[in-house]
Amino acid sequence: MGIISRGFRGRPRDEGVKLPPGQYLTHDFPVLSAGPTPRVRLDTWEFTIDTETGQTHRWTWRQLLDLPSETPTVDLHCVTKWSKLGTSWKGVSLDVLMEDVETTAEYALVYSYGGYTTNLPLQDLLDGQAWITYEYDGEELAPAHGGPARLLVPHLYLWKSAKWVRGIRLLNEDWPGFWETAGYHNYGDPWREQRYQGD
Amino acid sequence: MTASIEDAYQDGNALAGPLREIFAVDMTAAEGRCASCGLTGPLASLRVYGPEPGWVARCPGCEEVLLRLVRGPQAAWLDLRGIVNLRISLPAEAEAAGA
Amino acid sequence: MSAQRTAWRDARLVAARAETGAARTLVFKIPGWPGHLAGQHVDVRLTAEDGYSTQRSYSIASATDGDLVELTVQNVPDGEVSPYLVEVLEVGDEVEIRGPVGGWFVWRPSSERPVLLVGGGSGIVPLMAMIRARRQAAGRTPFRLVYSVREPGQRFYAGELRRHDPADAGLDVAYLYTRAVPDGWPRPAGRLTVADLNTHGWPADFEPDCYVCGPTGFVETAADILIALGHDPRRIRTERFGPTGG
């Protein structure tokens with residue numbers, strides 16, 4: 001740790017809240033980006049799930065909105081050390097989207113408009129752990145936060161919750177994504193502080 | 001969040017410090033060729049997003065990712081796969097940085 | 001040398017002065033400072049008592065002067081670092097600094113080409129380092145500065161640029177105002193145009209080195225204009241001030 005700069009506090013942080021190790025509480029919603037924000041038109045937007053046998057399941061924007069939705073309230077933990085508690089979302093559970101998908105794949109590669117990818121075990125997307133969200137805090141999801149639709153998988157570091165989500169490829173072998181091939185941890189559990197490869 | 005902030009980026013000059021940690025010479029003046037579109041220019045001219053979660057430098061011509069740099073507490077990860085090669089000027093007699 | 005350059009050094013604030021209502025020049029004493037080239041920058045790291053730490057990059061404003069290094073910091077509203085540096089940091093306080101870094105957006109006093117400096121807002125800072133390095137070296141290379149700011153109160157270094165220091169002979173300064181102009185000012189308020197750089201820059205035939213620094217939109221406009229005026233893109237060096245200057 002370097003010398004302490006007198007009176008420097010950084011952004012306001014609360015104490016006394018149970019957070020994953022090394023995290024600081026924030027009340028705003030920082031935007032981190034690795035490229036330009038994609039502008040996705042709703043009339044051409046689609047979400048697909050491709051299975052390991054080559055079957056494709058496809059939803060248009062209208063079809064997504066017609067599916068039964070949930071309104072999860074969850075805590076977010078970003079690998080850059082901020083956590084934001086009690087965020088409210090609206091979206092479709094991956095359990096609903098996976099209902100008619102036949103697969104024995106163990107891995108999922110999530111891909112986005114704009115080229116971003118991230119990987120995780122398929123079981124981390126199931127059993128009420130993940131959603132394709134399209135509303136945040138009661139309003140349509142802003143492009144800066146991943147709109148029109150974003151994967152939400154809050155039990156892992158937030159880079160796994162791909163913004164501008166376009167589809168999921170189900171795979172028999174793990175395929176590391178954008179940050180997972182650049183030094184970040186393959187799984188990313190905030191409670192085990194799995195930030196970097198080797199953590 | 002305004003559009004200008006969402007789409008704002010820095011340029012490759014911002015990579016001078018992070019790359020100087022790794023290389024013995026300044027790399028922002030090194031000329032690179034984009035593996036995707038062939039555009040050639042100094043790293044200083046790239047469109048750079050970051051520093052968090054990592055530095056991502058994109059081609060100003062085609063927006064493809066040319067360089068990624070993640071700095072952990074004990075290691076750095078550097079990905080240059082978007083660049084065909086880098087021409088790094090190495091003057092025969094090292095020029096003193098100070099005046 | 002590499003190890004020196006990438007080491008964090010303790011930097012103590014020894015003087016500070018306001019440039020505008022929202023910008024402040026900070027003079028740091030950095031033992032072991034190796035000297036720097038005009039246009040180079042440093043990384044500044046701040047650490048809070050609970051261990052939280054963050055860093056930002058700032059251009060150096062001064063010419064090399066022993067172990068003293070000047071930065072001019074614009075307060076970015078809602079920023080995390082700049083409000084601390086502009087409003088909280090006091091003489092005697094310490095931060096950590098590493099550098100100097102950067103080898104592309106630099107001017108060397110040994111260069112004999114005419115120089116055109118085009119600055120937007122706080123993009124003046126590395127350009128001022130070039131003007132000061134020229135003065136320090138008693139350089140005779142002709143310099144022209146085109147400096148675009150919102151309104152007269154937003155100018156950095158106004159007194160120093162007005163003083164007509166004899167060592168600044170051969171430096172021409174032109175101000176452009178984008179929002180409000182002084183009484184009787186001939187040019188109406190507005191953004192940088194082809195006419196501005198045609199009038200106040202160098203003809204492309206002179207083959208000047210052009211340094212453009214400012215916000216992204218400003219830099220791209222200025223670079224496009226210079227190319228349209230016939231300047232060789234290889235002699236146009238740009239530095240964009242990104243969104244994370246806060």
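If you read the sequences in order, they're chains A, B and C.
Counting from 1, one number per residue, gives the positions in the first sequence under full-length UniProt numbering.
Counting from 1, one number per residue, gives the positions in the second sequence under full-length UniProt numbering.
Counting from 1, one number per residue, gives the positions in the third sequence under full-length UniProt numbering.
Think of the CB as a built atom: it goes at the ideal place given N, C-alpha and C, for glycine as much as any other residue.
Do you know whose CA, among the options, lies nearest residue i's CA?
i, options, result
"residue 163 of chain A", "A/17, A/6, A/37 and A/122", "A/37"
"residue 200 of chain A", "B/26, B/27, B/9 and B/13", "Since the first residue shown for chain A is 1 and the last is 199, residue 200 of chain A is missing from the structure and cannot be characterised."
"residue 126 of chain C", "C/170, C/95 and C/212", "C/212"
"residue 99 of chain C", "C/116, C/108, C/124 and C/39", "C/39"
"residue 210 of chain C", "C/142, C/117 and C/195", "C/117"
"residue 174 of chain C", "C/79, C/200 and C/45", "C/200"
"residue 128 of chain A", "A/134, A/139 and A/70", "A/70"
"residue 106 of chain C", "C/97, C/134, C/96 and C/80", "C/134"
"residue 18 of chain A", "A/190, A/9, A/197 and A/195", "A/190"
"residue 122 of chain C", "C/6, C/103 and C/25", "C/25"
"residue 14 of chain C", "C/61, C/6 and C/92", "C/92"
"residue 132 of chain C", "C/194, C/18, C/168 and C/241", "C/168"
"residue 138 of chain A", "A/32, A/31, A/89 and A/57", "A/89"
"residue 159 of chain A", "A/64, A/44 and A/120", "A/120"
"residue 50 of chain B", "B/12, B/21, B/92 and B/83", "B/12"
"residue 146 of chain A", "A/3, A/20, A/5 and A/32", "A/32"
"residue 145 of chain C", "C/183, C/233, C/222 and C/12", "C/222"
"residue 108 of chain A", "A/126, A/122 and A/99", "A/122"
"residue 23 of chain C", "C/46, C/81, C/171 and C/238", "C/81"
Please list the partners that residue i has in chain B, where partner means a Cβ-to-Cβ separation under 7 Å.
i, result
"residue 104 of chain C", "13, 28, 29, 42 and 44"
"residue 187 of chain A", "By Cβ distance, chain B contributes nothing, its closest Cβ being about 15 Å from residue 187 of chain A, past 7 Å."
"residue 178 of chain C", "Simply none; closest approach about 15 Å."
"residue 57 of chain C", "14 and 17"
Using a Cβ cut-off of 8 Å, pull out every chain A residue sitting near residue i, in sequence order please.
i, result
"residue 63 of chain B", "35 and 36"
"residue 67 of chain C", "Residues of chain A passing the Cβ test: none, with the nearest at roughly 17 Å."
Tell me the residue span of the beta strand (DSSP E) that contains residue i.
i, result
"residue 97 of chain C", "94-101"
"residue 74 of chain A", "73-77"
"residue 79 of chain B", "76-79"
"residue 140 of chain C", "That residue, residue 140 of chain C, is in no beta strand (DSSP E); it is neither H nor E in DSSP."
"residue 74 of chain C", "68-74"
"residue 15 of chain C", "9-20"
"residue 55 of chain C", "53-59"
"residue 59 of chain A", "56-60"
"residue 236 of chain C", "236-241"
"residue 41 of chain A", "Premise fails: residue 41 of chain A is in no beta strand (DSSP E) and is neither H nor E."
"residue 41 of chain C", "41-47"
"residue 176 of chain C", "171-177"
"residue 57 of chain B", "55-58"
"residue 29 of chain B", "Looking at the DSSP string, residue 29 of chain B is not in any beta strand (DSSP E), and its letter there is neither H nor E."
"residue 26 of chain C", "23-29"
Below 8 Å on C-beta distance, what does residue i contact in chain B?
i, result
"residue 239 of chain C", "11, 13 and 44"
Which residues in chain A sit within 7 Å of residue i, going by Cβ to Cβ distance?
i, result
"residue 8 of chain C", "2"
"residue 265 of chain C", "An answer regarding residue 265 of chain C cannot be provided, because it is not within the stretch 1 to 246 covered by chain C."
"residue 91 of chain C", "Ordered by position in chain A, no residue passes the 7 Å Cβ test against residue 91 of chain C, which lies about 12 Å from the chain."
"residue 95 of chain C", "5"
List the residues of chain B whose Cβ lies closer than 9 Å to the Cβ of residue i, in chain order.
i, result
"residue 184 of chain A", "53, 54, 70, 72 and 77"
Under 7 Å between beta-carbons, which chain C residues line up against residue i? List them in chain order, please.
i, result
"residue 7 of chain A", "88"
"residue 33 of chain B", "Simply none; closest approach about 15 Å."
Taking the continuous alpha helix (DSSP H) assigned at residue i, which residues delimit it?
i, result
"residue 218 of chain C", "216-228"
"residue 159 of chain C", "158-162"
"residue 126 of chain C", "124-136"
"residue 20 of chain B", "16-20"
"residue 198 of chain C", "194-200"
- prompt: Of the residues that make up the region 15-41 of chain A, which ones have a beta carbon closer than 8 Å to any beta carbon in chain B?
  reply: Cβ contacts with chain B: 31, 32, 33, 34, 35, 36 and 37.
message: Counting only Cβ-Cβ distances shorter than 7 Å, please list the residues of the region 25-54 of chain C near chain A, keeping chain order.
response: Those would be 45, 46, 47, 48, 49, 51, 52, 53 and 54, in chain order.
- request: For the region 81-94 of chain C and the region 140-160 of chain C, state whether three or more C-beta atom pairs, one from each stretch, are separated by less than 8 Å.
  value: Contact annotation: the region 81-94 of chain C does not touch the region 140-160 of chain C, with fewer than three C-beta pairs closer than 8 Å.
message: Against chain B, which members of the UniProt domain "Oxidoreductase molybdopterin-binding" (35-179) of chain A pass a CB distance test of less than 7 Å?
response: Answer set for the UniProt domain "Oxidoreductase molybdopterin-binding" (35-179) of chain A: 35, 36, 37, 79, 80, 142, 143, 144, 159 and 179.
- prompt: Can at least three beta-carbon pairs, one atom from the region 156-175 of chain C and one from the region 213-227 of chain C, be found at a separation below 8 Å?
  reply: These segments do not touch.
- request: Name, going along the chain, the residues of the region 98-128 of chain C whose beta-carbon falls closer than 8 Å to a beta-carbon of chain D.
  value: The structure shown contains no chain D; its protein chains are A, B and C.
message: What are the residues in the region 48-72 of chain B lying within 7 Å of chain A by C-beta distance?
response: Residues are counted here when their Cβ sits less than 7 Å from a Cβ of chain A; for the region 48-72 of chain B these are 49, 52, 53, 54, 56, 58, 63, 68, 70 and 72, given in chain order.
- prompt: Counting pairs of beta carbons, one from the region 78-89 of chain A and one from the region 17-35 of chain A, are three or more of them closer than 8 Å?
  reply: As far as the Cβ criterion goes, the region 78-89 of chain A touches the region 17-35 of chain A, which means the pair count is three or higher.
task: Give a yes or no on contact between the region 73-92 of chain B and the region 39-55 of chain C, applying the rule of three or more CB pairs nearer than 8 Å.
output: Not touching, per the Cβ criterion.
message: When you compare the region 39-54 of chain A with the region 17-35 of chain B, are there three or more beta-carbon pairs, one atom per stretch, that lie closer than 8 Å?
response: Not touching, per the Cβ criterion.
query: With a cut-off of 8 Å, do at least 3 Cβ pairs link the region 156-171 of chain A to the region 109-117 of chain A?
result: Taking a cut-off of 8 Å on C-beta distances, the region 156-171 of chain A touches the region 109-117 of chain A, as three or more cross pairs fall below it.
- prompt: Should the region 55-75 of chain C be regarded as contacting the region 40-49 of chain B, the criterion being three or more beta carbon pairs within less than 8 Å?
  reply: With a cut-off of 8 Å, the region 40-49 of chain B and the region 55-75 of chain C do not count as touching, because too few Cβ pairs lie within range.
message: Tell me which residues of the region 204-230 of chain C have at least one Cβ-Cβ distance to chain B shorter than 7 Å, keeping chain order.
response: From the region 204-230 of chain C, only 216 have a Cβ closer than 7 Å to chain B.
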